[in-house]
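Q: Following this message is one structure expressed as structure tokens.
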């Protein structure tokens with residue numbers, strides 16, 4: 002670990018955030034309101050590994066790298082984002098068995114966990130943040146964790162083996178920008194499953210109140226643009242389907258599945 006990264010991690014250690022904010026950041030809740038409801042229902046536990054205690058107040062301050070568990074969830078994944086990729090795999094009839102994958106915007110590791118569950122051999126979990134990957138996954142030798150790493154700065158030295166799968170759940174950036182380098186590094190024959198988020202694809206003036214894109218015409222335009230971009234790069238589009246759950250603050254999102262070199 003370089004001194005600069007070690008220094009930044011040292012500075013971050015001990016920082017605290019509201020539990021409802023962390024629940025949203027880690028993908029455990031789609032909004033602060035939903036996070037607060039989970040706390041009020043007594044479903045949120047946090048603390049050191051093996052010593053989790055129930056959180057009683059949504060405004061409670063906890064360390065930003067604390068382990069969090071939401072009990073009584075209707076899915077088995079470390080983050081609700083896992084529901085999205087699991088849905089795509091089943092909807093499109095995909096099989097990641099034996100795959101080596103890049104997970105762009107890995108966050109708590111929902112997509113990574115789903116890939117491993119469905120038989121992937123190895124996953125490079127890439128995220129610009131730090132201390133986000135769930136503790137359940139951190140010791141898994143099948144995962145190479147690339148924290149504080151911008152996907153646009155990936156190199157063959159970091160991704161040191163051919164990846165025949167790329168999955169993506171990134172925010173605050175369009176797909177064409179965030180995936181340019183990962184797709185260039187991927188194997189010639191590659192499967193892509195990516196989340197299309199209209200709120201990060203349209204112009205700022207087209208985003209409505211609360212950061213939500215509500216116009217179905219804009220949703221369609223964004224999906225058409227992503228399709229055209231991928232096809233221009235030699236990808237075959239298997240399809241685009243609406244995500245089974247909404248994104249942060251209720252934005253409708255879509256999943257695209259595509260294959261290159263097939």
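In this note's numbering, the protein residues as written are 2 to 263.
For glycine and all other residues, C-beta sits at the position ideal for the given N, C-alpha and C.
1) Could you work out which residue in 193, 138, 174 is closest to residue 165 when comparing CA atoms only?
2) Taking all protein chains shown into account, do 16 or more other C-beta atoms lie within 10 angstroms of the C-beta of residue 173, making it buried, or fewer, making it exposed?
3) Only counting the same chain, and skipping five residues up and downstream in sequence, which positions put a Cβ closer than 7 Å to that of residue 224?
4) Counting along the chain, where does the beta strand (DSSP E) carrying residue 236 start and finish?
5) Taking residue 193 as part of the beta strand (DSSP E), name the residues at either end of that continuous run.
6) Cα separation between residue 179 and residue 153?
7) Please say whether residue 195 and residue 257 have beta carbons closer to each other than 8 Å?
8) From 239, 148, 218, pick the residue whose C-alpha is nearest to that of residue 228; which is it?
9) Thinking just about the alpha-carbon of each residue, which of 127, 222, 120 is nearest to the one in residue 110?
10) Are the beta-carbon atoms of residue 116 and residue 142 separated by less than 8 Å?
11) From residue 48 to residue 104, what distance separates their C-alpha atoms?
12) Can you look up residue 224 in the DSSP assignment and give me helix, strand or coil?
A: Here's the rundown:
1) Ranking 193, 138, 174 by Cα distance to residue 165 puts 193 first.
2) exposed
3) 197, 241, 255
4) 236-243
5) 191-197
6) 6 Å
7) In this structure, residue 195 lies closer than 8 Å to residue 257 by Cβ.
8) A check of alpha carbon separations from residue 228 across 239, 148, 218 identifies 239 as the nearest.
9) 127
10) Between residue 116 and residue 142, the C-beta spacing is not below 8 Å.
11) A direct Cα-to-Cα measurement between residue 48 and residue 104 gives close to 27 Å.
12) In this structure, residue 224 counts as helix in the three-state DSSP scheme.
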